[in-house]
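Reminder that position 123 of the first sequence reads as 122 in numbering that gives the first Met the number 0, one-by-one numbering, no gaps. Idealized CB from N, CA, C, for every residue including glycine. Okay, structure first, notes after.
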Amino acid sequence: MFWLDEILSKLPEKEQHIINDAKSPSGPPHVGSLRGVLIHDAVYKYLKEKGYNVRYIFGSDDYDPMDEIAGTLPREIYEQYLGKPLAHVPAPEGSGFEDLAMYFISDFFKIFDQLGVEAEKYYMRDYYKNGFFNEAIETVLDNADVIREIYLKVSGAKRPDNWYPIQVVCEKCGKIGTTEVIDWDGKEVTYVCKEDKVTWAKGCGHVGKISPFNGNAKMPYKVEWAAKWKYFGVTIEGAGKDHNTKGGSRDIANAISRQVFGYEPPVNIPYEFFLVGGAKMSSSKGRGATARAMADFLPPEILRYLMLYTHPKRKVNFEPSEKYITKLFNAFDKLHERIINGEPVEDWERSVYKLSQIFYHEPYRVLDFSLITTMIQLPYIDIYKEAEKRFGSPLTETERKVLESRIKAARYWLENFAPEEDKYQLQQTLPEKARELTQVQIAFLNKLADKLEALDDYNEDTIQSTIFEVARFTPIDGKTAFQAIYTVFLGKNNGPKAGRLLAYIDKDFVLKRLRELSFDEKEFLEQSSLDLEQFEQWWQKNKDKVQIQSDSLKAYDKFDKGFVELIYIKKDKPHLLRITGSDNSQELLQKVKQIINID
RNA sequence: CGGCUCGUAGCUCAGCUGGUAGAGCACGGGACUCUUAAUCCUGGGGUCCAGGGUUCGAAUCCCUGCGAGCCGGCCA
0 MFWLDEILSK
10 LPEKEQHIIN
20 DAKSPSGPPH
30 VGSLRGVLIH
40 DAVYKYLKEK
50 GYNVRYIFGS
60 DDYDPMDEIA
70 GTLPREIYEQ
80 YLGKPLAHVP
90 APEGSGFEDL
100 AMYFISDFFK
110 IFDQLGVEAE
120 KYYMRDYYKN
130 GFFNEAIETV
140 LDNADVIREI
150 YLKVSGAKRP
160 DNWYPIQVVC
170 EKCGKIGTTE
180 VIDWDGKEVT
190 YVCKEDKVTW
200 AKGCGHVGKI
210 SPFNGNAKMP
220 YKVEWAAKWK
230 YFGVTIEGAG
240 KDHNTKGGSR
250 DIANAISRQV
260 FGYEPPVNIP
270 YEFFLVGGAK
280 MSSSKGRGAT
290 ARAMADFLPP
300 EILRYLMLYT
310 HPKRKVNFEP
320 SEKYITKLFN
330 AFDKLHERII
340 NGEPVEDWER
350 SVYKLSQIFY
360 HEPYRVLDFS
370 LITTMIQLPY
380 IDIYKEAEKR
390 FGSPLTETER
400 KVLESRIKAA
410 RYWLENFAPE
420 EDKYQLQQTL
430 PEKARELTQV
440 QIAFLNKLAD
450 KLEALDDYNE
460 DTIQSTIFEV
470 ARFTPIDGKT
480 AFQAIYTVFL
490 GKNNGPKAGR
500 LLAYIDKDFV
510 LKRLRELSFD
520 EKEFLEQSSL
530 DLEQFEQWWQ
540 KNKDKVQIQS
550 DSLKAYDKFD
560 KGFVELIYIK
570 KDKPHLLRIT
580 GSDNSQELLQ
590 KVKQIINID
């Protein structure tokens, strides 16, 4: 069953469904955090389309303590803020944001817009400060014993009898991560700001008594989670697998929700990690791809597609290799094409497509990703014009936009991920790889040089046709011929359209390079020839397709062997065929004539 | 050590409530061609991790083992 339908089938009867997700803005979010965002957005859009009354809310957990210094921040400046609520930590100088939480979360929310994620944003600091959670805090403190019991039973964590599920913002040092409440009298809590409560921050030692309401304190994560469910009326909320382990935060929150708040926890959607290059990306280490990077790289429909066609329970292993990326784009394009053309598709595929393709609703044509990466490496080429040429008609507004986003992706890939071997670069000296060329290939290159030198009109098209012409007369098959060209110029087996490539390189340089290797004529002739038996087979197969004129045969002797060259016409184009044998050329010629039955 | 998830063609994966396996890519062959992941036909390929159990019958359910990934103080 399609995973979205699985979720649908678990949904309880409700007037309104509320999907919730949240993120602690402690650093630049890594790509992995996009998975939950997109899954929830898909659920939201899917339910909405099915006629449900549904909302998608997304919170910034900005009252959480700062428990790490993101790699992008200067350590010496931020060290002092560790332990303070993220909402109370200043933003980097000159960033224009009033605090660190806003600094990080606003960029994340911008990504939402880029990806077409429609969530209503909220900020936890507001809900603490305006008293929205006062009732929850009171409930939680009154039921501290129940919660201690839950921690013990569900995860085996022992809490002392005077432990309370609340954390106060220290009146003296402003930290929230270091305080521990030791008493609750129904109105106020007594707390200690402990020096060694956590490893990542140091408390000031202050002991105080204060009301836990209106922003003076916050509930710890797992408790807060349950409180949010109850007070926001959350009915659907997934979480990454790290939260969903047995005895983990989700289990604790579930128990608190039921036993303390009397609220049935939302439908869960456990989802796997989003890995890049085989490793889990971690923002705390300050390396690995960020959500920002991914959003700047892949067009939204592609990223959405990747996340939605993969079942949430399966991990996504994104590899920034050309092969993987091309495959991903092509998979999406194929589906796109099938749907546009009205070909049969599975219902779930259609759903995935609709949930991915949210910006363009009309049919459009696209160029292949790898073709684009090739073209953008060529100087003086207008990809838009090239696309029109291929499509045979002008681009529509949508096609222009889609192409633009593809070009952006290709550029991003080339700059950030492409290994050297995927970049086309004109080799200033003859590449090492040229040693692998056969004598026939080298002979072809030399012949090509002669023809090109004599060319009056030296341009893309004439060069391209000359290449084919020389290939037919060498003879050498087209693929091998092109490989030879790419090898001597780029050190690779493939490259951009050869005519275009050569047209943009200095002619003298081209000629010199083509002639740089010399070939052994004896070997060339032998390797490029068929023996009589092979010729006869060829003839049997092709006699209906080719035309031969009696004056098109040429015989000569060389290196103690006879050779016969035959020019034939196939599809209006002349080709050369070389035949050899131990006989002298005149005898060979007779035999050839017998086979083709002319005199 | 405990828990969770997973282990299906070379690769990435589909296979809902059990009836002896599919797709895409890759590979082989053919057609076609002014090459551009070309395209179009076509073919080969799997002891469904291993062993046991339930069943007339299991990739599909149960148990065990092996292997992989993740979680397992606090924080989130």
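Just the Cα atoms here: how many angstroms apart are residue i and residue j?
| i | j | result |
| --- | --- | --- |
| K9 | V266 | 7 angstroms |
| K446 | K491 | 21 angstroms |
| H16 | R389 | 48 angstroms |
| V351 | D332 | 13 angstroms |
| Y45 | V469 | 59 angstroms |
| R249 | G494 | 52 angstroms |
| S320 | A288 | 14 angstroms |
| N243 | V153 | 13 angstroms |
| D106 | S94 | 12 angstroms |
| K47 | V139 | 34 angstroms |
| V145 | D160 | 11 angstroms |
| S584 | D550 | 16 angstroms |
| I209 | R291 | 41 angstroms |
| V188 | P211 | 6 angstroms |
| Y190 | T178 | 6 angstroms |
| R574 | G341 | The question names Arg, but residue 574 in the sequence shown is His. Each residue's Cα considered, the two are about 43 angstroms apart. |
| Y423 | R405 | 19 angstroms |
| K196 | V401 | 53 angstroms |
| E564 | D519 | 19 angstroms |
| Q593 | I568 | 19 angstroms |
| F358 | F231 | 30 angstroms |
| L3 | D141 | 39 angstroms |
| G391 | K384 | 10 angstroms |
Using alpha carbons as the reference points, say which of the options lies closest to residue i.
| i | options | result |
| --- | --- | --- |
| K13 | V53, A254, S23 | V53 |
| A497 | D61, I578, N458, T473 | N458 |
| T373 | V145, P430, I462, R499 | R499 |
| E403 | T177, P27, K171, D295 | D295 |
| F508 | L436, Q426, L552, K157 | Q426 |
| E532 | I595, I566, D571 | I595 |
| Y77 | I110, S25, I104 | S25 |
| G35 | A143, G214, A238 | A238 |
| V439 | D125, S527, I38, V591 | S527 |
| L576 | D559, K227, A554 | A554 |
| E398 | L370, T479, E361, N415 | E361 |
| G58 | Q113, F96, Y126 | Y126 |
| Y485 | K229, F518, L436 | L436 |
| F443 | S464, K511, V168, A483 | A483 |
| L7 | Q539, T234, I339, K312 | T234 |
| Y220 | E194, I255, K201, E348 | I255 |
| P28 | M101, L3, G202 | M101 |
| G632 | V168, L451, G214 | This structure gives no information on residue 632, because the portion of the chain shown stretches from 0 to 598. |
| L429 | F488, D476, A480 | F488 |
Where does residue i fall in DSSP's three states?
| i | result |
| --- | --- |
| K208 | strand |
| T71 | coil |
| S25 | coil |
| G277 | Summary for G277: the model assigns pLDDT 45, below 50, so the residue's position carries little reliability; its value from the coordinates is reported in the next sentence. Correct three-state label for G277: coil. |
| W537 | helix |
| Y121 | strand |
| D20 | strand |
| G31 | helix |
| L355 | Going by the sequence as given, residue 355 is Ser instead of Leu. The answer is helix: DSSP assigns S355 an H, G or I state. |
| L565 | strand |
| L297 | coil |
| L489 | helix |
| S58 | Checking the sequence, you will find Gly at residue 58 rather than Ser. Residue state, collapsed to three classes: strand. |
| G214 | coil |
| V36 | helix |
| G239 | strand |
| V545 | strand |
| Q166 | strand |
Near residue i, what residues of its chain come up, given a Cβ to Cβ distance below 7 angstroms and the 5 sequence neighbours on each side ignored?
| i | result |
| --- | --- |
| W199 | D66, E67, L81 |
| L297 | A408 |
| G173 | K83, H87 |
| L72 | P91 |
How about residue i: is its Cβ closer than 6 angstroms to a heavy atom in the ligand GTP?
| i | result |
| --- | --- |
| G490 | Although the ligand GTP was asked about, the structure shown includes no ligands whatsoever. |
What is the C-beta distance between residue i and residue j, in whole angstroms, given that I count them as a contact (C-beta under 8 angstroms)?
| i | j | result |
| --- | --- | --- |
| E300 | S355 | 5 angstroms |
| G561 | L524 | Actually they are not in contact, since the Cβ atoms of G561 and L524 sit about 11 angstroms apart, beyond 8 angstroms. |
| F1 | W537 | That pair is no contact at about 54 angstroms. |
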